[in-house]
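Residue numbers (this note's numbering), protein chains in the order written: chain A, 2 to 173; chain B, 2 to 173; chain C, 2 to 173.
Every residue gets a Cβ at the ideal spot worked out from N, C-alpha and C, and that includes glycine.
Computed from a predicted structure; not experimentally measured.
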Amino acid sequence: MKYIIAAITLAFANTSLAQKVDYDKKVEELGIQLIAPTKPIANYVKAVRTGNLLFLSGHGPSKADGTSITGKVGAEMTIEEGYAAAKQAGISLLSTMKAELGSLNKVKRVVKVLGMVNCTPEFGDQPKVINGCSDLMVAVFGDKGKHARSAVGMNALPNNITVEIEIIVEVE
Amino acid sequence: MKYIIAAITLAFANTSLAQKVDYDKKVEELGIQLIAPTKPIANYVKAVRTGNLLFLSGHGPSKADGTSITGKVGAEMTIEEGYAAAKQAGISLLSTMKAELGSLNKVKRVVKVLGMVNCTPEFGDQPKVINGCSDLMVAVFGDKGKHARSAVGMNALPNNITVEIEIIVEVE
Amino acid sequence: MKYIIAAITLAFANTSLAQKVDYDKKVEELGIQLIAPTKPIANYVKAVRTGNLLFLSGHGPSKADGTSITGKVGAEMTIEEGYAAAKQAGISLLSTMKAELGSLNKVKRVVKVLGMVNCTPEFGDQPKVINGCSDLMVAVFGDKGKHARSAVGMNALPNNITVEIEIIVEVE
């Protein structure tokens with residue numbers, strides 16, 4: 002009986018392995034260029050793992066050249082530019098995940114996104130901005146990239162970056 | 002010995018079951034009308050479970066008719082109106098919990114509430130606003146509804162909703 | 002074989018115990034005066050434990066005399082005054098941890114800090130402000146005090162407090 006269960010389990014495991022998407026390859030296929038994670042310059046770290054949850058720090062829209070996308074949405078930035086900034090913050094988050102875990106294949110599920118948009122008090126399209134990050138997560142991880150989310154407006158972010166996004170992922 | 006321990010455990014389990022409040026019934030008794038959870042229109046979901054934690058997305062004060070309570074507290078909204086909006090967001094959160102879990106009786110504990118209030122820069126009564134949600138959680142779940150909480154001010158929220166509240170619950 | 006592994010495990014355990022810093026003593030050595038945790042005046046609590054995670058409520062810069070540090074950074078408060086406020090919020094958080102756990106030695110790791118700074122829309126040095134809390138955590142817990150972090154700007158906080166900081170810690 003034990004052996005039958007073991008055999009069935011193995012069969013399912015093999016099936017799911019066979020169907021499993023290689024997330025590292027997927028990132029390449031999507032033409033996403035991960036960036037070398039910068040070291041935080043203060044007494045904190047980019048991510049902390051506890052149990053099988055990885056808590057990532059708030060990430061801004063850092064680019065490979067070391068600069069960041071800045072400006073307030075509703076003032077000097079459009080929704081589309083905000084979306085691009087949120088996508089870039091997502092790329093920065095993926096870069097940290099890969100650096101921490103060795104491979105994005107260790108990600109089991111994107112659990113929670115807190116998307117903070119630097120915007121004017123009249124702006125009300127924070128969800129359309131944060132979609133830039135959410136769409137990226139689903140492009141890479143498929144259904145496992147779908148997450149619980151808050152998308153909200155901030156009056157100010159560090160060095161006037163356009164978005165800051167923190168994320169919790171379940172890992173193997 | 003083993004049997005004695007098992008018997009005692011069973012006895013305690015029965016006692017606690019006997020005393021357990023039916024949260025679904027409690028919601029009815031309180032005259033709270035849950036709303037049909039709407040589907041998110043983007044690449045995210047209303048809630049994600051990981052282990053025995055359920056992370057809920059930020060919920061606004063959505064009403065059964067599909068509209069939401071809007072306006073900034075300190076400007077066109079009073080504290081009392083903010084409190085009512087936070088209660089409505091709480092009803093929306095309960096509705097999602099029930100939809101996700103099948104029954105509110107699967108809730109073991111409300112762990113954490115992040116209550117975000119759309120308000121003017123001079124407003125300082127965010128706790129009194131978010132009490133609308135906190136009081137609801139305790140009305141439904143009793144001591145198990147008491148949670149760690151932050152109640153803070155935002156310069157802008159999606160579509161000018163009055164509050165956005167996210168929540169973490171421990172589930173069976 | 003089993004005994005050899007047990008012996009090795011024990012040896013390592015002893016080593017790590019021998020090297021372990023007494024965090025309660027460390028707080029005293031640093032001249033930090035913990036404050037008597039005040040009871041929340043609403044339907045929430047200062048901290049909730051679930052599994053081996055302790056979620057702490059947002060804490061302001063409460064002082065031993067019952068008053069709090071107030072004022073917006075970028076307006077009537079400087080970065081240095083903001084840093085001092087964040088340190089005071091950190092002391093308040095440590096006070097709650099000790100009250101909840103009995104001893105700070107039960108803290109295994111500071112996991113996540115959400116540092117919210119009450120500031121003007123033009124202010125961009127939130128990280129320098131929240132360092133007041135982060136530096137304190139590392140002063141007390143060493144490498145185990147290093148955490149994932151977001152440091153962001155808020156347009157308003159309760160009673161105009163200068164910072165509100167919430168924290169997740171892994172506990173024994």
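Chain C contact for residue i (CB, 8 angstroms cutoff)
i, result
"V46 (chain A)", "yes"
"H148 (chain B)", "yes"
"A43 (chain A)", "yes"
"M2 (chain B)", "Its pLDDT being 49, under 50, M2 (chain B) is placed unreliably in this model, and the coordinates cannot settle the point."
Among the options, nearest to residue i - alpha-carbon criterion
i, options, result
"V172 (chain A)", "A:C134, A:T163, A:V112 and A:V74", "A:V112"
"P62 (chain C)", "C:L55, C:N156 and C:K88", "C:K88"
"Y45 (chain B)", "B:G103, B:D23, B:C120 and B:G59", "B:G59"
"E29 (chain B)", "B:L105, B:A152, B:A85 and B:K73", "B:L105"
"A152 (chain C)", "A:V114, A:T51 and A:M155", "A:M155"
"V74 (chain C)", "C:G67, C:T68 and C:A86", "C:A86"
"I168 (chain B)", "A:A149, A:F56 and A:V170", "A:A149"
"V49 (chain A)", "C:I162, C:V164, C:N160 and C:G146", "C:G146"
"K21 (chain A)", "A:P41, A:C134, A:V108 and A:V164", "A:V108"
"A157 (chain C)", "C:N53, C:G32 and C:G72", "C:G72"
"S135 (chain C)", "C:K99, C:G67, C:G91 and C:E101", "C:G91"
"M139 (chain C)", "C:P122, C:N160, C:L95 and C:E123", "The question names Met, yet the displayed sequence has Val at residue 139 (chain C). Measuring from the Cα of V139 (chain C), the nearest candidate turns out to be C:L95."
"D66 (chain C)", "C:L54, C:S93 and C:T79", "C:S93"
"D126 (chain B)", "B:D144, B:G83 and B:N161", "B:G83"
"V170 (chain B)", "B:L102, B:N161, B:I131 and B:G133", "B:L102"
"D25 (chain A)", "A:P41, A:G143 and A:P159", "A:G143"
"E77 (chain A)", "A:A43, A:G32, A:T121 and A:T39", "A:T121"
"T163 (chain A)", "A:F124, A:N132, A:P128 and A:N119", "A:N119"
"N132 (chain A)", "B:E123, B:K129 and B:P159", "B:P159"
"K40 (chain B)", "B:E123, B:P128 and B:A100", "B:A100"
"Q34 (chain B)", "B:T51, B:T68, B:K64 and B:L54", "B:K64"
"P38 (chain B)", "B:D23, B:T68, B:V141 and B:V130", "B:T68"
"A43 (chain C)", "B:V130, B:N161 and B:I80", "B:V130"
"E165 (chain C)", "B:D23, B:I166, B:K27 and B:P128", "B:P128"
"F124 (chain B)", "C:L57, C:N161 and C:L55", "C:N161"
As assigned by DSSP and simplified to three states, the class of residue i
i, result
"N132 (chain B)", "helix"
"E167 (chain B)", "strand"
"N160 (chain A)", "helix"
"F142 (chain A)", "helix"
"Q34 (chain B)", "coil"
Strand pairing of residue i, partner residues [DSSP]
i, result
"V22 (chain B)", "None; V22 (chain B) has no bridge partner."
"N119 (chain C)", "C:M155"
"V172 (chain C)", "C:V108"
"A149 (chain C)", "A:V46 and C:K113"
Min CB distance residue i to chain B below 8 angstroms
i, result
"E171 (chain C)", "no"
"E167 (chain C)", "yes"
"N106 (chain A)", "no"
"L54 (chain A)", "yes"
"M155 (chain A)", "yes"
"T121 (chain A)", "yes"
"Q127 (chain A)", "yes"
"N15 (chain A)", "Because the pLDDT at N15 (chain A) is just 45, under 50, the model does not fix this residue reliably, and the value given afterwards should be weighed accordingly. No, because no Cβ of chain B sits closer than 8 angstroms to the Cβ of N15 (chain A)."
"V139 (chain A)", "yes"
"A12 (chain A)", "Caution applies to A12 (chain A), whose pLDDT of 44 falls short of 50 and renders its modelled position unreliable; the model cannot decide the point."
Test: residue i CB closer than 8 angstroms to a CB of chain A
i, result
"K73 (chain C)", "no"
"L31 (chain C)", "no"
"I9 (chain C)", "Model confidence at I9 (chain C) stands at a pLDDT of 46, short of 50, so the residue's coordinates are unreliable; what they give is reported in the following sentence. Closer than 8 angstroms: no."
"V164 (chain C)", "no"
"V49 (chain B)", "yes"
"L57 (chain B)", "yes"
"M117 (chain B)", "yes"
"L35 (chain B)", "no"
"L158 (chain B)", "yes"
"N132 (chain B)", "no"
"D136 (chain C)", "yes"
"F142 (chain C)", "no"
"A152 (chain C)", "yes"
"V112 (chain C)", "yes"
Proximity test, residue i beta-carbon vs the ligand GDP heavy atom, cut-off 7 angstroms
i, result
"G61 (chain C)", "This structure simply doesn't include the ligand GDP, nor any ligand for that matter."
Sequence ranges, beta strand (DSSP E) only - wholly within the segment 37-116 of chain C, length at least 3: 48-51 and 54-60
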